[in-house]
Amino acid sequence: PAQAERVLDGMARDWTEPRLDTLVRVEFEDPDALDRWVDDPRAPEGRRLRAFPLAPGPGLHICAGSVPGVSVSSAIRGLIVGSPVLLKPGGGDRVLPAALIDILEEEGEVETAARILADAVECVEWTGGAGSLDETEALDGAAFVVVYGGGATIEAVRRAVAGSTPVVEYGHRMGVAVVGRGADLDTAAKALAAAVAVFDQRGCVSPQQVFTLGPLGGTERAAELAARSSEALAALEGSFPSGPLDEGLAGAVRQLRDATELRALAGDGAQVWGGDDLEWTVVLDPEPELRPSCGGRTIHVTPVGSEADLERILLPLGPHMQTVGVDGFDAGAAQGLAERLARIGASRVVPLDRIAFPPPWWIHDGQGPLRRLVRWSADGPV
């Protein structure tokens, strides 16, 4: 209940008229282009522009179920750009899409605009997994596809649709954090714990590894941050308890803890903290390597000596790096760090306490979410 309430509060505020209006105005210099031809003041000769949905016809949105609310956000984006939506919610995200449709149906009894929206969105389900008849029919009838998921899911969709069918991909992403020498470790630990706890670390923005940066931020400082992060995660169990782990994830967490304890016995400096029932796990990894989390509120803490070292570690993650939370840098240093991180792939660099719940107008996987759903036409001199 606590997780559901926190997630619903965080997501639903972005489905309000003021927030969605801001999204449209951020993405389009002249939002009227979504409805009519508008003058393009940037062109050397007069011309008009118009934004149309990515392809004429319904867009099929295939959403993952790991984070509740993603399906509704995806549907709203499609409706904003004027596209009919066929929505395939993930297994863990069926309640909110059904609620959206119920609300539109109810409001549609008295409001024409709501009726139009209700007629433009439909939830679709299929059984039998990839390649089933229901899936094939849905993909064949889609003018374009928006798909959330891992590489295998996205590749399966690409193989199933015609080469001319546009596919908008939201693939696997990983979040990290960077804590500088100027950070208050207690404050940083609490912010980190909160970001890890939201979605139980299943979100694409959820941090999986945190780096303590600088020659004075070596193993001792990293160990202190790890210990305080464990304390902060423990404190959250009272008000924001972790969800149950399935058998596979529980096994992965136990294996990680056992391996870390063996490393500690071997004297490599590794340490591990965690809840007795696997509610959370914090690992101090003194080796400067990329350590993706197995999930389940599991965070790796790693000291690095310089920004160059950090860049070297994160470079292989580049195509999959989503959000980087930072703390402990003055304005100039933060700007320089953001430049480095963005160059190697980060879509979003934000303060540590702003990781969860990016606003509707965030740069989602490197692009504005509405602009990915439109195509432009020009009328006039070119």
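Numbering of the sequence shown is given in the numbering used here, commencing with residue 1136 and proceeding in unit increments.
Cβ coordinates follow ideal geometry from the N, Cα and C atoms, glycine included.
By the Cβ test, the segment 1183 to 1190 is not in contact with the segment 1198 to 1210, since fewer than three Cβ pairs between them sit closer than 8 Å. The three-state secondary structure of LEU1413, taken from DSSP, is coil. Beta-bridge analysis with DSSP links PRO1342 to GLY1310. In this structure, PRO1494 lies away from GLU1180, with their beta-carbon atoms at least 9 Å apart. If you draw a straight line from the Cα of HIS1455 to the Cα of SER1512, it comes to about 32 Å. Under the DSSP assignment, ARG1160 falls in the alpha helix (DSSP H) whose first and last residues are 1152 to 1162.
Under the DSSP assignment, ARG1478 falls in the alpha helix (DSSP H) whose first and last residues are 1466 to 1479. Contiguous beta strand (DSSP E) elements confined to the segment 1358 to 1443 occur at 1406 to 1409, 1416 to 1419, 1433 to 1439, taking only those with 3 or more residues.
Of the candidates VAL1407, THR1300, ASP1144, LEU1368, the residue whose Cα lies closest to the Cα of ARG1392 is VAL1407.
When DSSP reads this structure, GLY1460 sits in a beta bridge with ALA1312, VAL1485. DSSP lists ARG1183 as the bridge partner or partners of ASP1514.
PHE1346 is a Cβ neighbour of LEU1445, given a cutoff of 9 Å. Its chain contains GLY1200 as the residues whose beta carbon lies nearer than 6 Å to that of GLY1227, once the 5 sequence neighbours on both sides are disregarded; these appear in chain order. Around the C-beta of GLN1390, fewer than 16 other C-beta atoms lie within 10 Å, and the residue is accordingly described as exposed. The Cβ neighbour count for SER1209, taken over all protein chains shown within 10 Å, is at least 16; the residue is labelled buried. In this structure, the CA atom of GLY1213 is about 33 Å from the CA atom of LEU1449.
One thing to note: GLY1460 has its Cβ within 9 Å of the Cβ of ARG1489. VAL1216 is not a Cβ neighbour of MET1146, given a cutoff of 9 Å. GLY1194: member of the beta strand (DSSP E) spanning 1194 to 1197, first to last residue. For the pair of segments examined, the segment 1468 to 1483 was found not to touch the segment 1141 to 1161: the number of CB pairs separated by less than 8 Å stays below three. Around the Cβ of ASP1420, a 10 Å sphere holds 16 or more other Cβ atoms; the residue is buried. Rounded to the nearest whole angstrom, the CA to CA distance from LEU1239 to VAL1220 is 14 Å.
Ranked by how close their Cα comes to the Cα of ARG1510, the residues LEU1195, LEU1425, SER1218 have SER1218 in first place. Looking at the DSSP output, ASP1174 shares a beta bridge with ARG1183.
One Cα belongs to GLU1257, the other to LEU1195, and the distance between them is close to 10 Å.
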